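For the sequence shown, this note's numbering gives the first residue as 189, with consecutive numbering after it. Ideal Cβ positions, reconstructed from N, Cα and C, are used throughout, including at glycine. On a predicted model such as this, the values are computed, not experimentally measured, just so you know.
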Amino acid sequence: VGIYSESLDEHGRLKRKVDENFDFFNYAGLHRPIKIYTTPWNYIEDIVIVPEVDLDRKEALVNVSVKTVGSFDELRVTLLDEQGQAVAQGSGNDVQLKITDVRLWQPLDAYLYTARVEGMNNGEPEDVYEEPFGVRKVEVKNGKFLINGQSFYFKGFGKHEDTYIRGRGLDEVYNVHDIQLMKAMGANSLRTSHYPYSEEMMRLCDREGIVVIDETPAVGLFSSFNFDVSQLEKGGNMEDDTWEKMDTSEAHRQVIRELIARDKNHACVVMWSIANEPASYAKGAYEYFAPLFALARELDPQKRPLTFVNIMLALPQLDQCMELVDVIALNRYYGWYVQLGDLKRAEEKTRQELLQWQQLYPDKPIMYTEYGADTVAGFHSVHGEPFSEEYQEDYYRMNSKVFDEIPNFVGEQLWNFADFQTKFGIMRVQGNKKGVFTRAREPKMVVRYLSERWRKIPHFGYKS
189 VGIYSESLDE HGRLKRKVDE NFDFFNYAGL HRPIKIYTTP WNYIEDIVIV PEVDLDRKEA
249 LVNVSVKTVG SFDELRVTLL DEQGQAVAQG SGNDVQLKIT DVRLWQPLDA YLYTARVEGM
309 NNGEPEDVYE EPFGVRKVEV KNGKFLINGQ SFYFKGFGKH EDTYIRGRGL DEVYNVHDIQ
369 LMKAMGANSL RTSHYPYSEE MMRLCDREGI VVIDETPAVG LFSSFNFDVS QLEKGGNMED
429 DTWEKMDTSE AHRQVIRELI ARDKNHACVV MWSIANEPAS YAKGAYEYFA PLFALARELD
489 PQKRPLTFVN IMLALPQLDQ CMELVDVIAL NRYYGWYVQL GDLKRAEEKT RQELLQWQQL
549 YPDKPIMYTE YGADTVAGFH SVHGEPFSEE YQEDYYRMNS KVFDEIPNFV GEQLWNFADF
609 QTKFGIMRVQ GNKKGVFTRA REPKMVVRYL SERWRKIPHF GYKS
């Protein structure tokens with residue numbers, strides 16, 4: 189999504205330019221490995237795994253559906269524990285297997301079973317596929333986000349697939365390093381902002397017990413893309429022509445289908461994010477998004493909660509789409525893009541808006557999926573000036589204070605895990621500096637405060 193233009197250079201050759209509607213650098217070329225593989229004539233094409241957990245009896249019924257190409261005499265399905273021992277077995281394209289004394293997949297305490305599917309012909313396996321999976325229950329109830337029947341509190345980050353040297357290219361060493369830094373801080377979650385992350389990262393989150401909000405690449409869906417948050421101070425009409433201009437619904441449907449098809453079996457994925465910061469305040473927003481939410485609910489075999497990430501311009505009195513979501517996810521920058529340097533006023537505005545959302549939707553959990561302040565590593569100020577490390581810490585302390593006051597507030601995912609490259613602009617010097625780590629993964633001062641806070645907040649039962 190962006191503004192496309194064409195011009196001619198001095199030699200009369202066509203020059204193409206895209207001014208992107210998003211605040212990160214997309215690079216170019218192939219970001220991830222391309223792998224070619226072969227199959228037998230008869231092969232296993234897809235596996236769908238849906239665990240149904242009885243928490244009281246500590247049992248799980250695991251529904252395994254297998255799609256094949258060609259024909260097999262028998263489809264054999266075996267569930268293995270982490271020691272490789274069979275705990276259940278059956279045959280057929282659709283089987284329901286029971287695991288007794290089940291080990292649950294828990295945040296930061298991951299346990300993974302494996303479904304081994306064997307396509308048998310003449311008594312021998314012609315094709316075999318093994319799919320790891322976790323057994324856990326996710327639901328939203330009475331303003332709480334429940335994992336395995338307990339109220340969960342999200343602590344963590346929005347981040348980017350972005351590092352020095354590699355850019356957006358896959359770097360599995362950095363993935364491991366980033367997850368370890370998160371865990372050391374007491375974090376338990378991330379959002380795949382603003383696109384699906386690599387399959388390698390998703391498998392790593394499964395194994396490490398990192399809870400994931402999985403997001404489509406629908407970012408920057410508003411026509412003006414000027415982030416003129418000064419309009420908030422004026423209290424004016426936020427109407428624009430986004431949903432008359434955007435011809436993205438079919439592409440949006442496609443990415444929802446592809447995302448759920450790819451990531452449907454991951455235990456780490458507890459919620460789908462349909463879009464990041466669309467113009468949900470503009471006329472036509474509900475009509476655009478309602479069919480997309482319906483599609484996602486239809487496609488997800490595990491029926492996970494759904495959200496979209498609300499832009500700061502879409503305040504409670506303006507947003508048209510919040511009734512579609514299970515969880516209210518907000519990107520807010522009081523004390524940065526508005527009330528810069530005035531954290532007392534920013535605190536009042538933060539509290540006022542969160543209470544509004546809770547009053548409007550008392551049964552929906554609320555969380556922040558972005559909040560942050562650009563900070564230059566090494567810049568200190570006795571006056572707590574914006575861009576200083578002191579201001580960044582004061583900013584996060586202010587937000588934490590308000591979060592703890594709101595009963596239905598269930599999580600804080602700050603923006604951003606690390607500084608990252610953006611397109612060039614006068615607001616971005618060497619990219620976005622909102623990271624609590626530098627782009628080289630060196631900590632800024634605020635990491636010590638956040639680590640202290642998050643280690644004290646339990647993953648379950650906070651505010652319950």
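Determine the extent of the alpha helix (DSSP H) in which MET390 is found, giving its start and end residues.
In the DSSP annotation of this structure, the continuous segment of the alpha helix (DSSP H) that includes MET390 starts and ends at 387-396.
Residues bridged to GLU208 [DSSP beta-bridge criterion]
Under the DSSP definition of a beta bridge, GLU208 partners with GLY190.
If I'm right that VAL163 touches SER279 with Cβ under 8 Å, what's the distance once you round it to whole angstroms?
The structure shown does not extend to residue 163, since the chain is modelled only from 189 to 652, so the question has no answer here.
Return the residue from the list GLU630, PRO405, ILE645 and MET308 that minimises the CA-CA distance to ALA565.
GLU630
My guess is that ASN376 and LEU487 are in contact by the Cβ rule of under 8 Å, so how many angstroms apart are they, rounded?
Not confirmed; about 27 Å, so no contact.
Quickly, what does DSSP pair MET555 with across the bridge? List them, please.
Its beta-bridge partners are ALA517 and GLY599.
Bridge partners for TYR215 per DSSP, in chain order?
DSSP output for TYR215 lists no bridge partner at all.
Can you give me the Cβ contacts of ALA606 inside the same chain, cut-off strictly under 7 Å, excluding the 5 residues immediately before and after it?
In its chain, beyond the 5 residues on either side, LYS347, GLY623, PHE625, THR626, ARG627 and ARG629 have a beta carbon closer than 7 Å to the beta carbon of ALA606.
The alpha helix (DSSP H) spanning GLU617 covers which residue range?
The sequence as given places Val at residue 617; Glu does not occur at that position. Taken as a continuous stretch (DSSP letters only), VAL617 belongs to no alpha helix (DSSP H), as it is neither H nor E.
According to DSSP, what are the bridge partners of GLU578?
For GLU578, which the question treats as bridged, DSSP gives no partner whatsoever.
Under the three-state DSSP convention, the category TYR231 falls into
Correct three-state label for TYR231: strand.
Helix, strand or coil at PRO320 according to DSSP, with G and I counted as helix
strand
Assuming HIS382 and PHE210 are in contact, meaning their beta carbons sit under 8 Å apart, how far apart are those beta carbons, in whole angstroms?
Correct: roughly 7 Å between the Cβ atoms.
Give me the Cα-Cα distance between TRP460 and HIS219, rounded to the nearest whole angstrom.
23 Å
With LEU267 and ALA303 assumed to form a contact (beta carbons below 8 Å), what rounded beta-carbon distance in angstroms separates them?
In this structure, LEU267 and ALA303 form a Cβ contact; the two beta carbons are roughly 6 Å apart against a cut-off of 8 Å.
Proximity winner among ILE594, LYS325, MET555 and PHE575, relative to VAL634 (alpha-carbon distances):
PHE575
Which partner residues does ARG379 have in the DSSP bridge list?
GLY346 and ILE401
Near LYS286, what residues of its chain come up, given a Cβ to Cβ distance below 8 Å and the 5 sequence neighbours on each side ignored?
Only GLU247, ALA248, LEU249, VAL250 and ALA276 meet the Cβ criterion.
Under a three-way DSSP split, which group does TYR549 fall into?
Three-state result, TYR549: coil.
So what does DSSP say about THR256, is it helix, strand or coil?
Here THR256 sits in strand by DSSP.
Using the Cα positions of ARG395 and ASP366, report the straight-line distance between them to the nearest angstrom.
14 Å
Extent of the continuous beta strand (DSSP E) to which THR283 belongs:
Note on residue identity: the sequence assigns Val, not Thr, to residue 283. Note, VAL283: beta strand (DSSP E), 282-287.
Mapping DSSP to helix, strand and coil, what is ASN587?
helix
Touch check for the region 474-482 and the region 432-450: three-plus C-beta pairs under 8 Å?
yes
I'd like the span of the alpha helix (DSSP H) that includes VAL443, first residue to last.
437-451
Quick one: residues in its chain with C-beta nearer than 7 Å to the C-beta of ARG641, no 5 flanking neighbours on either side, listed in chain order?
SER588
Please report the residue range of the beta strand (DSSP E) in which ALA274 lies.
274-279 is the span of the beta strand (DSSP E), which, as asked, contains ALA274.
Can you grab the Cα-Cα spacing for the pair HIS199 / SER193, in whole Å?
Pairing HIS199 with SER193, the inter-Cα distance amounts to about 18 Å.
Where the alpha helix (DSSP H) containing TYR703 begins and where it ends:
Summary: the structure shown does not reach residue 703, with the chain confined to residues 189 through 652, and so no result is reported for it.
Identify the residues that DSSP records as bridge partners of PRO239: which are they?
Per DSSP, VAL250.
Under 8 Å between C-beta atoms of ARG324 and VAL241:
yes
What residues match up with PRO313 in a beta bridge as DSSP calls it?
MET308
Which ranges does the beta strand (DSSP E) cover as unbroken runs of at least 3 residues, wholly within the region 444-516, from first to last along the chain?
The region 444-516 is shown to contain whole beta strand (DSSP E) runs of 3 or more residues at 457-464 and 494-498, in chain order.
Apart from the five residues on each side of it in sequence, which residues of its chain come closer than 7 Å, Cβ to Cβ, to TRP545?
PRO504, ILE516 and ILE554
Which residue marks the beginning of the beta strand (DSSP E) containing LYS329, and which one marks its end?
Counted as a single uninterrupted DSSP element, the beta strand (DSSP E) harbouring LYS329 occupies residues 326-329.
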